[in-house]
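Have a look at the structure below before the remarks.
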Amino acid sequence: MDADEQSRGFKHDRSEKCKEVFSLLSDYLNLELPPETCAEMEAHIGACPPCVEFTESLRKTVELCHQYKPSEMPAPLGASTREQLLDAYRKMMESRKSLPA
Ligand SMILES: [Zn+2]
Numbered sequence: 771m772d773a774d775e776q777s778r779g780f781k782h783d784r785s786e787k788c789k790e791v792f793s794l795l796s797d798y799l800n801l802e803l804p805p806e807t808c809a810e811m812e813a814h815i816g817a818c819p820p821c822v823e824f825t826e827s828l829r830k831t832v833e834l835c836h837q838y839k840p841s842e843m844p845a846p847l848g849a850s851t852r853e854q855l856l857d858a859y860r861k862m863m864e865s866r867k868s869l870p871a
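Those letters in the sequence shown? Residues 771 to 871, per the numbering used here, in order.
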């Protein structure tokens, strides 16, 4: 896991911001963040390829989840969705690890 930290800091000096963004993503995708925070996150995500990639996979996961749920129930993320998000996160970290430096 320390290798992740190192590769993240490799040419990505905003890794602290990334962690913050990652931690806010589920709220963001649930539209539970205040607009200013959303705007700040979107600004970072727009300029940060690892975050773009991660956000895309998160969005897909959440879209799938929303499609699956009854439309009258905008339910918060359940345990299985969190598992999927975590899985998406792990895959993102895996793929970044195997990228050439
Ligand atoms: Zn980032």
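The beta-carbon is built from N, C-alpha and C at its ideal position, and this holds for glycine as well.
The structure displayed is predicted, hence computed values, not measured ones.
Neighbourhood of residue i by C-beta distance below 6 Å, restricted to the same chain and skipping five residues each side
{"i": "Lys787", "result": "His814"}
First and last residue of the uninterrupted alpha helix (DSSP H) at residue i
{"i": "Pro805", "result": "Pro805 to Gly816"}
{"i": "Leu801", "result": "Premise fails: Leu801 is in no alpha helix (DSSP H) and is neither H nor E."}
Cβ-heavy atom distance, residue i to ligand 2, below 7 Å
{"i": "Cys808", "result": "With respect to ligand 2, the structure offers nothing, as its ligand set consists of ligand 1."}
Whole-angstrom distance between residue j and residue i, CA atom to CA atom
{"i": "Glu806", "j": "Tyr798", "result": "11 Å"}
{"i": "Asn800", "j": "Cys808", "result": "11 Å"}
{"i": "Met811", "j": "Met863", "result": "19 Å"}
{"i": "Glu823", "j": "Val791", "result": "13 Å"}
{"i": "Ala858", "j": "Glu802", "result": "20 Å"}
{"i": "Thr831", "j": "Arg860", "result": "13 Å"}
{"i": "Ser785", "j": "Glu833", "result": "26 Å"}
Buried or exposed (CB count within 10 angstroms, at least 16 for buried), residue i
{"i": "Pro820", "result": "buried"}
{"i": "Leu828", "result": "buried"}
{"i": "Leu856", "result": "exposed"}
{"i": "Ala873", "result": "In the structure displayed, the chain extends from 771 to 871; residue 873 sits before or after that span and is not available."}
Same chain, Cβ closer than 8 Å to residue i, five either side skipped, listed in chain order
{"i": "Leu794", "result": "Leu803, Thr807 and Met811"}
Collect the residues with a C-beta less than 5 Å away from any heavy atom of ligand 1 and give them in sequence order along the chain. Cys788, Cys818 and Cys821
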